[in-house]
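Trainee: Below is one structure. I have some questions about it.
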Amino acid sequence: MSSLLIVDDEPNVLSAMRRLCLNAAVLPAIPSPSIVTFTSAGDALAHLDAHDVDIVISDYRMPEMDGASFLARVKELHPDSARIIMSACSDIDGIVRAVNHAGIFRFVSKPWSDPDLKATILEVLAHRRLLIENRELADEVRAQRDVILRQKLELERLERESPGITRVSWTEDGGVLVEE
Amino acid sequence: MNADENAFRDETAMSAKSATHCGRIADLDWIRALYELGQKAANGAHPQQVSQEILEHIVRGFAAESGSIALIVDGTTDQLELAAGTDLPSGLVGKELPRGTGVFGHVVATGHPVLVNGNAAQTGLPLRGSAERQRSTHSAMCWPLQVAGRTIGAVAVNRAETSPRYTPDDLEQGQALTSLLALVMANHRMHVERDARILELSTLNATMQRINGMLEDAQNQVIQSDKLASIGQMAAGVAHEINNPLAFALSNLGSLETYLANLFALLDAYVDADAAIGVAGHAALGAARKLRAGVDVAFLRRDTADLVAESREGLLRVKRIVQDLRDFSRGGAEEVRQTLDIHDALDRTLNIVRNELKYKAHIVREYGALPEIECVPSRLNQVFLNLLVNAGQSIDGVGTITISTGVDGDEAWIAVADTGCGIPPENLNRIFDPFFTTKPVGQGTGLGLSVSHSIVRKHGGRLDVESEVGRGTRFTIRLPLASASGPAAVSDVEKRAA
Chain A
1 MSSLLIVDDE
11 PNVLSAMRRL
21 CLNAAVLPAI
31 PSPSIVTFTS
41 AGDALAHLDA
51 HDVDIVISDY
61 RMPEMDGASF
71 LARVKELHPD
81 SARIIMSACS
91 DIDGIVRAVN
101 HAGIFRFVSK
111 PWSDPDLKAT
121 ILEVLAHRRL
131 LIENRELADE
141 VRAQRDVILR
151 QKLELERLER
161 ESPGITRVSW
171 TEDGGVLVEE
Chain R
1001 MNADENAFRD
1011 ETAMSAKSAT
1021 HCGRIADLDW
1031 IRALYELGQK
1041 AANGAHPQQV
1051 SQEILEHIVR
1061 GFAAESGSIA
1071 LIVDGTTDQL
1081 ELAAGTDLPS
1091 GLVGKELPRG
1101 TGVFGHVVAT
1111 GHPVLVNGNA
1121 AQTGLPLRGS
1131 AERQRSTHSA
1141 MCWPLQVAGR
1151 TIGAVAVNRA
1161 ETSPRYTPDD
1171 LEQGQALTSL
1181 LALVMANHRM
1191 HVERDARILE
1201 LSTLNATMQR
1211 INGMLEDAQN
1221 QVIQSDKLAS
1231 IGQMAAGVAH
1241 EINNPLAFAL
1251 SNLGSLETYL
1261 ANLFALLDAY
1271 VDADAAIGVA
1281 GHAALGAARK
1291 LRAGVDVAFL
1301 RRDTADLVAE
1311 SREGLLRVKR
1321 IVQDLRDFSR
1331 GGAEEVRQTL
1341 DIHDALDRTL
1351 NIVRNELKYK
1361 AHIVREYGAL
1371 PEIECVPSRL
1381 NQVFLNLLVN
1391 AGQSIDGVGT
1401 ITISTGVDGD
1411 EAWIAVADTG
1421 CGIPPENLNR
1431 IFDPFFTTKP
1441 VGQGTGLGLS
1451 VSHSIVRKHG
1461 GRLDVESEVG
1471 RGTRFTIRLP
1481 LASASGPAAV
1491 SDVEKRAA
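Line order of the protein sequences matches chains A and R.
Its first residue numbered 1, the first sequence is counted upward by one per residue in this note's numbering.
Its first residue numbered 1001, the second sequence is counted upward by one per residue in this note's numbering.
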């Protein structure tokens, strides 16, 4: 499942994007999309307090809070979320700020091209999954390393208590070979 | 001085007893001839020559041997210049006389005529020059030339010893004439001056016209840049408002297209199923069949596809216009300048439009030697593309597009010339105006050339056009070779646009 949260003060943009993301006939298709939309950044933040999402897409120019500030807040709440900013104007300063402070994955200009936008979403999803997987693998490795370290300490303790015990040779049937 | 003068006048009056007839000065013919001479100057005769002729006429009129005319140099009160002379050493005419001396100097200073008989030195006149010059004058008269109370010069006639001396009567008779003579001389002088003024004025006029033209060009450039900049600003402002509705309308059309495909596929399935059921069918099918008979499904399928395609085209056109307009507002500061091989860029652009031009024009490349130029390559390519597409569109049937390049001083030039329909003179100064187009609706936004103009200007260059209706058009891009000097002239425009 891919969960998307979209914020734009223009409701028609939201419904057009919802249609596009849900429509598997416009390729590439987004696998089992789940979409929530908000016309207010504040409402979206309230939702994000309680819910996790994969991708957050926000318009840049909005009345109460601009997209860069909104996505910067999203980054704090959900560092793992992928963030895309959209803009109908080429406000270079704003975009620079968004990229630098809100850790934006992609910038998409309006009007967008449907296939390009969907490809971008998929790409960002894949990228995000890789990042998460990477981190999970790293966590796993770290956890295993902990286990190994703990076992090693135990062995050292046993060796101190009964020297030679860690170097015991076993017979195939479980017997202990004692070297004389 | 005054006393001397009076004494002198008395003396001359006394010596006037031996009256002699003075020649033809009373002849009407002589007077008319004098007038005619005065008019000659107006008809473009050489001024010095006319002065000479007038003097000779006077000399004849007073039955004199020789004579001379001196005129006061413009802008002075007492500087005399010899305007004409007979029996004078050559080269003296046109020369200035020493100030305040001589008979002329005296006459001009006092405004009174002088008659000299015998030794001039004895007259007490402030004579100039060496001893030889003081040779005995047999008989001479000198009158001031006065116009409206102002002395403009003096005229003198001399008689040789073989002739009788002049008398005070002669002097007086001559005095009557000199006012006439003064008028003729003044007239003559005015003609000369007028001609000189006219010449001066017409040169001045030509210079003014040239400067005016330059100012007009500069002003047009400024107006053009201002216009583009303000349009760019406006475009940047409305771009947001237009792009949002454009975004969802365009995207919705795409969704609609897929929805329609689904609906029609579904409809097809039902129609097929209906056909399989056959004539009998279920009773409920009756209503559906009746409805279907009244609907031209094939038409709907075709036309909805057209409808969506046409609507999309319309929206894409709006998108392009907004994009083009926004180009005006871009300062170019955010764009990275790179060195570009212009010929490479031209060839690449040609590849892009090759298909469009293939059946319209034979392409001739006349590349000169060009160094690499520092520019924003994508923007310059946009200009090349614009000019090439325009050239192609101007050609009716099959023509030739010639792309030539070269270096001219510190500028590189790139020219795109076509053998197309040309641009009428009344449109020539409007082609860089935003939204000016003569193309059919939908084929041109009227922004291509103004965007190109703006791009070239931002590169510190200019875009010129020459065109002849029926012969073709030639656009020439001129770019400074030294890129450092480029943006200086443009930064103002950029600041205004920002």
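All C-beta atoms in this analysis are idealised placements derived from N, C-alpha and C, irrespective of residue type, glycine included.
In terms of residue numbering, what span does the alpha helix (DSSP H) encompassing I1031(R) cover?
Mentor: L1028 to K1040
Trainee: Cβ closer than 9 Å: which chain A residues qualify as neighbours of H1343(R)?
Mentor: Residues of chain A passing the Cβ test: none, with the nearest at roughly 31 Å.
Trainee: Could you say which of L1201(R), A1293(R), K1439(R) and L1388(R) lies nearest to L1346(R) if we only look at CA atoms?
Mentor: Comparing alpha-carbon positions, the option among L1201(R), A1293(R), K1439(R) and L1388(R) lying closest to L1346(R) turns out to be L1388(R).
Trainee: Report the CB separation of V74(A) from V56(A) in whole angstroms; it is logged as a contact under 8 Å.
Mentor: 5 Å
Trainee: Closest to K110(A) by C-alpha separation, out of A1033(R), F1248(R) and K1290(R), would be which residue?
Mentor: F1248(R)
Trainee: May I ask you to report which of helix, strand or coil DSSP gives M1(A)?
Mentor: coil
Trainee: Does any C-beta atom of chain A lie closer than 8 Å to the C-beta of L1380(R)?
Mentor: no
Trainee: Among L1256(R), R1317(R) and V1279(R), which has the Cα closest to the Cα of V1308(R)?
Mentor: L1256(R)
Trainee: Closer than 7 Å by beta-carbon distance: list the chain R residues that pair up with N23(A), in chain order.
Mentor: S1255 and T1258
Trainee: Is it the case that the Cβ atoms of F1436(R) and G1446(R) are separated by a distance below 8 Å?
Mentor: yes
Trainee: Please report the straight-line C-alpha distance between R1312(R) and L20(A), rounded to a whole angstrom.
Mentor: 16 Å
Trainee: With C-beta atoms as the reference, is P1113(R) less than 8 Å away from P1144(R)?
Mentor: yes
Trainee: Since F1264(R) meets chain A, which of its residues come closer than 7 Å, beta carbon to beta carbon?
Mentor: Residues of chain A passing the Cβ test: none, with the nearest at roughly 13 Å.
Trainee: Tell me which same chain residues have a C-beta within less than 7 Å of the C-beta of V1050(R), skipping the five on either side of it?
Mentor: L1037, K1040, A1041 and H1188
Trainee: So, at 8 Å on beta carbons, what are the nonlocal neighbours of H1057(R) in its own chain, with the 5 sequence-adjacent residues on each side left out?
Mentor: W1030, A1033, L1034 and L1037
Trainee: Identify every run of the beta strand (DSSP E) within the segment 39-112 of chain A, keeping only runs that are complete inside it and at least 3 residues long; order them along the chain.
Mentor: 55-59, 82-87 and 106-109
Trainee: Identify the residues that DSSP records as bridge partners of M1141(R): which are they?
Mentor: DSSP lists L1115(R) and V1157(R) as partners of M1141(R).
Trainee: Residues of chain A with CB under 7 Å from F1432(R), in chain order?
Mentor: Correct list: empty, because the minimum Cβ distance to chain A is about 24 Å.
Trainee: Checking 8 Å against the spacing of the C-beta atoms, do T1405(R) and G1460(R) come in under that value?
Mentor: no
Trainee: Find the residues of chain R that neighbour A88(A), judging by a C-beta separation of less than 9 Å, and give them in chain order.
Mentor: A1239, H1240, E1241, I1242, N1243, N1244, L1246 and A1247
Trainee: Hey, would you say L1246(R) sits closer than 8 Å to L1315(R), going by beta carbons?
Mentor: yes
Trainee: Report yes if the CB atom of G1472(R) is closer than 8 Å to the CB atom of G1422(R), and no otherwise.
Mentor: For the pair G1472(R) and G1422(R), the CB atoms are nearer than the 8 Å cut-off.
Trainee: Please report the distance separating the alpha-carbon of P31(A) from that of A1235(R).
Mentor: 38 Å
Trainee: Going by the beta-carbon positions, is the gap between D59(A) and D8(A) smaller than 8 Å?
Mentor: yes
Trainee: Output yes if chain R places a C-beta closer than 8 Å to the C-beta of A147(A); else output no.
Mentor: Position check: residue 147(A) holds Val in this sequence, whereas Ala was assumed. For V147(A), the answer is no, since every Cβ of chain R falls outside 8 Å of its Cβ.
Trainee: If you measure between the beta carbons of G1085(R) and V1093(R), is that distance less than 8 Å?
Mentor: yes
Trainee: Quick one: is N12(A) near chain R, going by C-beta distance under 8 Å?
Mentor: Closer than 8 Å to some Cβ of chain R, the Cβ of N12(A) qualifies, so yes.
Trainee: When you compare the CB positions of A1140(R) and A1156(R), do they come within less than 8 Å of one another, or not?
Mentor: yes
Trainee: In whole angstroms, what separates the C-alpha of L48(A) from that of L71(A)?
Mentor: 11 Å
Trainee: Check the Cβ of R106(A) against every Cβ in chain R and list those closer than 8 Å, keeping chain order.
Mentor: Going along chain R, no residue has its Cβ under 8 Å from R106(A), so there is no contact; the nearest lies around 16 Å.
Trainee: With 8 Å set as the bound, which would you pick, yes or no: does the beta-carbon of K1458(R) sit closer than that to a beta-carbon of chain A?
Mentor: no
Trainee: Is it buried or exposed for W112(A), if we count other Cβ within 10 angstroms and need 16 for buried?
Mentor: By the 10 Å Cβ count, W112(A) comes out buried.
Trainee: Is it the case that the segment 1298-1305 of chain R contacts the segment 1337-1346 of chain R, given that we only count it when at least three CB pairs across the two stretches are under 8 Å?
Mentor: Per the Cβ contact rule, the segment 1337-1346 of chain R is not in contact with the segment 1298-1305 of chain R (fewer than 3 Cβ pairs under 8 Å).
Trainee: Classify E161(A) as helix, strand or coil using the three-state DSSP reduction.
Mentor: helix
Trainee: Do A68(A) and G94(A) have their C-beta atoms within less than 8 Å of each other?
Mentor: Cβ atoms of A68(A) and G94(A): closer than 8 Å.
Trainee: Would you please verify whether the beta carbon of K1360(R) is less than 8 Å from any beta carbon of chain A?
Mentor: no
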